[in-house]
Amino acid sequence: MADPVRTTCPYCGVGCGVLVTAQGDGNFTIKGDPDHPANYGRLCSKGSALGETLSDDGRLLNPVMDGIDVSWDTALDRVASAFTSVIKEHGPDAVAFYVSGQLMTEAYYVANKLMKGFIGSANIDTNSRLCMASSVAGHKRAFGSDTVPGNYEDLEQADMVVLVGSNLAWCHPVLYQRLAQAKKSHGTRIVVIDPRRTASCEIADQHLAIQPGTDVRLFNGLLSHMAEFGSTNDAYVVHHTEGLQDALKAAQSDAPDLNTVAETCGLEPADVLEFFKTFSQTEKVVTVYSQGVNQSSQGTDKVNAIINCHLLTGRIGKLGCGPFSITGQPNAMGGREVGGLANTLAAHMEFDEASVDRVQRFWNAPLAAQKPGLKAVDMFEAMHNGKIKALWVMATNPAVSLPDANRVREALDICPFVAVSDCVSKNDTIAYPDVILPSTTWGDRDGTVTNSERRISRQRPFRTAPGAAREDWHIICDVAARMDHKDAFSFSGPAAIFKEHAKLSAFENNGSRDFDIGGLSTLDDQAYDELNPVLWPNRVAGEKGQERLFANGGYFTANEQARFLAVRYQAPLQKISIDYPLSLNTGRVRDQWHTMTRTGLSPRLAYHRAEPFVEIHPHDASSYGLQERELAVVTSRWGEAVLRVSLNEGQQRGSVFAPIHWSDTNSANAVVGRLVSPVTDVISGQPESKFTPVAVAPFNATWHALVVTRETFKQPIGAYWTTINGKGCTIASIAGTENIEDWQVWAMDHAIQPTTDWLSFSDKASGQHRFAALKNGQLDAAIFISSSSDLPSLDWIQGQFALDVLDDQGRAGLLAGRPAGETFDPGPMVCSCFSVGVNDLRRAISDGQALSIEAIGEVLQAGTNCGSCRPEIQAVLEQELDIEKVV
Ligand code: SF4
23 MADPVRTTCP
33 YCGVGCGVLV
43 TAQGDGNFTI
53 KGDPDHPANY
63 GRLCSKGSAL
73 GETLSDDGRL
83 LNPVMDGIDV
93 SWDTALDRVA
103 SAFTSVIKEH
113 GPDAVAFYVS
123 GQLMTEAYYV
133 ANKLMKGFIG
143 SANIDTNSRL
153 CMASSVAGHK
163 RAFGSDTVPG
173 NYEDLEQADM
183 VVLVGSNLAW
193 CHPVLYQRLA
203 QAKKSHGTRI
213 VVIDPRRTAS
223 CEIADQHLAI
233 QPGTDVRLFN
243 GLLSHMAEFG
253 STNDAYVVHH
263 TEGLQDALKA
273 AQSDAPDLNT
283 VAETCGLEPA
293 DVLEFFKTFS
303 QTEKVVTVYS
313 QGVNQSSQGT
323 DKVNAIINCH
333 LLTGRIGKLG
343 CGPFSITGQP
353 NAMGGREVGG
363 LANTLAAHME
373 FDEASVDRVQ
383 RFWNAPLAAQ
393 KPGLKAVDMF
403 EAMHNGKIKA
413 LWVMATNPAV
423 SLPDANRVRE
433 ALDICPFVAV
443 SDCVSKNDTI
453 AYPDVILPST
463 TWGDRDGTVT
473 NSERRISRQR
483 PFRTAPGAAR
493 EDWHIICDVA
503 ARMDHKDAFS
513 FSGPAAIFKE
523 HAKLSAFENN
533 GSRDFDIGGL
543 STLDDQAYDE
553 LNPVLWPNRV
563 AGEKGQERLF
573 ANGGYFTANE
583 QARFLAVRYQ
593 APLQKISIDY
603 PLSLNTGRVR
613 DQWHTMTRTG
623 LSPRLAYHRA
633 EPFVEIHPHD
643 ASSYGLQERE
653 LAVVTSRWGE
663 AVLRVSLNEG
673 QQRGSVFAPI
683 HWSDTNSANA
693 VVGRLVSPVT
703 DVISGQPESK
713 FTPVAVAPFN
723 ATWHALVVTR
733 ETFKQPIGAY
743 WTTINGKGCT
753 IASIAGTENI
763 EDWQVWAMDH
773 AIQPTTDWLS
783 FSDKASGQHR
793 FAALKNGQLD
803 AAIFISSSSD
813 LPSLDWIQGQ
823 FALDVLDDQG
833 RAGLLAGRPA
843 GETFDPGPMV
853 CSCFSVGVND
863 LRRAISDGQA
873 LSIEAIGEVL
883 QAGTNCGSCR
893 PEIQAVLEQE
903 LDIEKVV
């Protein structure tokens, strides 16, 4: 067996180290890297399943122009000439790049250099705008720089960790596991502030289910409380900060007393007081915040309201202390470093005259951009208005992920020239471009990423890129060369780009800017290749990087003092109304990533949440006539989606939750971005994706079908459909309202090819129809139709597909639509690693075999590998044992 390749997980901002070993048969084993400081060997369910996502099926293998495969030269010439002619005719601000936190830092760097230095516009923005732009803006306002002051060890060393708008258990699972372990070893107090009761609440001592968007008032109340009761670090405030009096005055008028805070936030005063007291009295506190804070029309103020509390107590930059923004994407931080956001120039420099001059001289650039460019939502609006006439989308899927996704699709349609570089041949955005460029992806690409704690790690290739796929940095440099900028983009490889990036960070820096990796600017190719994970700032070669910043001040403002910000609560900009009486909260599920182009390839990840859903409190569901497992139409001013109803008492009344992962590529009408309001925070430009007024109503399907086939699912049918990859088959869930005269004809037309070994059952009166096609005794395709949504379990039908030959009992089961005899249905998947369903857990608990997480691990193995399912196992335990909490 070959030596493992050390690389980094391509999903969330935790940035776990991964060891990949080639098996010699084309397969790879995946393990957590025990030496990587982000995860010390752990991986979550998504990371553990990376080996199942390495298929070349669905990869984009050739450049495509106007729908036809072409040579690289032809495609690159077209992109370069389209951009050049638009710039010539309409000026540099008529073109734009929309890039991604999935790109390697090196690709990000050359994209930014091309746009801001050589095209002369700052119209480059990134999908990280949707993820953490408010944190960037809040950091800059308070610290004078976009700096995360602490690192992951602080979560383990803290005595209290507050999770604000962060479902760490699902969105950053390995960090959650580190926190859960810390709680076990020294009893960390954990507070979750989130309108929903999420999986992260399973280890919480207190859950404050605040009204959506009221965080500023809660933290203003905390600031006032600490000032009143003397929980302040006066020396720190005096020596290292400014603006306290204004901030305090604003906080006191905004949150004058406990009752006002409690009423606005929808909490009991006693619960608010408990939070204020424990926060005030605990010296080592980390406040972790994520999209629940950032994705708001007041996201920047929320970030500053949190930071204010840490400045007042001097709890920043010390072991176990600090405000801590966690990024959603694998390289959101790398993008921030190079200047991938339209309002940052490069290397954490802004658009002030001195910085523009410095960067222009460093790049020897003819046309450095002088002012910020268009942020994501504004960029697509400018395209819709005809101002942007050429767009290059890199490694992202804006037709799904941006708010008001219908208008984004119109903008892509209107834009005279669109290029997309991506690794997949099909996604919703790829329906629009004139030119599609095949790029590398995890496993075949080479570069660096930076995680949420400022740690730079290598992503190393371990397999050959398929077809003509090319590295993103290479594609961008090829286009730049064709735009007459060959000399500035003649890099020999990612190591050369990284070195230039490092040199720019140190150029005329002398400690004036936080981002300085000058210590890495002398790496030769071999040292770059062997680079171990390293923190920044890293100013001197050989240093291991700075663990924490700001314990002794040293902020990157003109007077080196941090700024308190005077902030006041402001309600979400869109209001609920009679027409749209509920608020929509959007987010992620445990086992999927972004628009599923990679995680969707893994059957075991698909089973955790197999269909797009809307989560709603049972009382609200009853008010709107919705029932568990039925379908609902969710509408907003901007669009509509049809989603499976999931009742959840942890969902706050008056609001619903829907995940962001489904697209038109794998479902009929489940793009949640179509519903989401395009309202943004005026400072950060980040969309308010956590609050859109919506209405819900039953989708009255008259029939429901489950189709399972070894072939690729033929074509979309029914008003509702969604597909997932099963083990060796495709599974589709479908529903419709039209009258079908002959179900057998319909099945043959749309779903399965008849064979000589054909099973069929039809009962028109009850609306039950079942058909199955077998080849050589093995199940080839099956379809189950019912007038209700009660269809066979995925697990059972998968089991039938795995059999070489179906016996008489199996055939009888197919006709009955359920297992023949005494077969146990494991129910919805909880543990993806060991395929343990919720009914497996319930049986083990009720049999008395397993009454704790540890015992469940021993009996069923569930939760013993990646541990991502442990919060859900905990929840099932609590339900079954009818106890308040088992920690
Ligand atoms: Fe990947 Fe999971 Fe680690 Fe995130 S927590 S980097 S998804 S293994």
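For the sequence shown, this note's numbering gives the first residue as 23, with consecutive numbering after it.
For glycine and all other residues, C-beta sits at the position ideal for the given N, C-alpha and C.
The model shown is predicted, which means the values in this text are computed figures rather than measured ones.
- In this structure, Asn419 has its CB at a distance of at least 7 Å from all heavy atoms of the ligand SF4.
- Burial state of Lys162 is buried, judged by a 10 Å Cβ sphere holding 16 or more other Cβ atoms.
- A distance of 8 Å or more separates the beta carbons of Gly357 and Ala368.
- Measuring C-alpha to C-alpha distances from Thr451 to each of Thr472, Gln883, Met416, Ile478 identifies Met416 as the nearest.
- In the structure shown, the three-state DSSP call for Glu900 is helix.
- Taking the CA atoms as reference points, Asp279 sits about 9 Å from His247.
- Every residue with a CB closer than 6 Å to a heavy atom of the ligand SF4 is listed here in chain order: Cys31, Tyr33, Cys34, Val36, Gly37, Cys38, Asn61, Leu65, Cys66, Lys68, Gly69, His194, Pro195, Val196.
- DSSP, reduced to helix, strand and coil, places Pro388 outside both helices and strands of the structure shown, so it counts as coil.
- Listed as beta-bridge partners of Thr472 by DSSP are Ile478.
- Under the DSSP assignment, Ser605 falls in the beta strand (DSSP E) whose first and last residues are 604-609.
- For Ile348, the closest C-alpha among the options Pro171, Phe856, Pro425 is that of Pro171.
- Excluding the 5 residues flanking it on each side, Val381 has same chain C-beta neighbours closer than 8 Å at Lys138, Gly139, Leu367, Ala368, Ala369, Met371, Ala387, Ala390, Leu526, in chain order.
- Comparing alpha-carbon positions, the option among Cys888, Val716, Val446, Glu403 lying closest to Trp192 turns out to be Cys888.
- Between Ile329 and Gln790, the alpha-carbon positions lie close to 59 Å from each other.
- In chain order, Ser782, Ser784, His791, Phe793 place their CB closer than 8 Å to the CB of Gln766, counting only its own chain and leaving out the 5 sequence neighbours on each side.
- Here DSSP, grouped into helix, strand and coil, assigns Gln766 to helix.
- The criterion of a C-beta distance shorter than 8 Å is not satisfied by Asn670 and Glu633.
- Residue pairing of Cys853 in beta bridges, as defined by DSSP: Val858.
- Boundaries for Leu334: no beta strand (DSSP E) harbours it, while the alpha helix (DSSP H) harbouring it runs 321-335, taken from the DSSP string.
- Its chain contains Arg480 as the residues whose beta carbon lies nearer than 6 Å to that of Leu553, once the 5 sequence neighbours on both sides are disregarded; these appear in chain order.
- In this chain, the alpha helix (DSSP H) harbouring Phe165 covers 151-165.
- Here the C-alpha atom of His332 lies approximately 13 Å from the C-alpha atom of Ala269.
- The DSSP-derived three-state label of Ser782 is strand.
- Tyr130 and Val121 do touch by the CB rule: their CB atoms are close to 7 Å apart, below 8 Å.
- Secondary structure at Tyr550: helix, using DSSP grouped into helix, strand and coil.
- Cβ neighbours of Gly832 within its own chain (closer than 7 Å, five residues either side excluded): Gln822, Leu825.
- Assignment of Gln203 by DSSP, reduced to helix, strand and coil, places it in the helix class.
- Counting C-beta atoms within 10 angstroms of its own C-beta, Val704 has fewer than 16 neighbours from the protein chains shown and is therefore classed as exposed.
- For Ala159, the CB contacts under 6 Å within the same chain, skipping 5 residues up- and downstream, are Thr322, Ile705, Ser706 in chain order.
- When the Cα atoms are used, Pro352 and Gln775 turn out to be separated by approximately 42 Å.
- When C-alpha distances from Pro555 are compared across Val42, Asn281, Pro59, Gly54, the shortest belongs to Pro59.
- With a cutoff of 8 Å on beta-carbon distance, Asp147 and Leu363 are scored as near each other.
- Three or more beta-carbon pairs separated by less than 8 Å are not found between the segment 204-218 and the segment 68-85, which leaves the two stretches without contact.
- The C-beta of Pro420 has 16 or more other C-beta atoms within 10 Å across all chains shown, which makes the residue buried.
- The shortest CA-to-CA distance from Asp847 to any of Pro814, Leu837, Ile878 is the one to Pro814.
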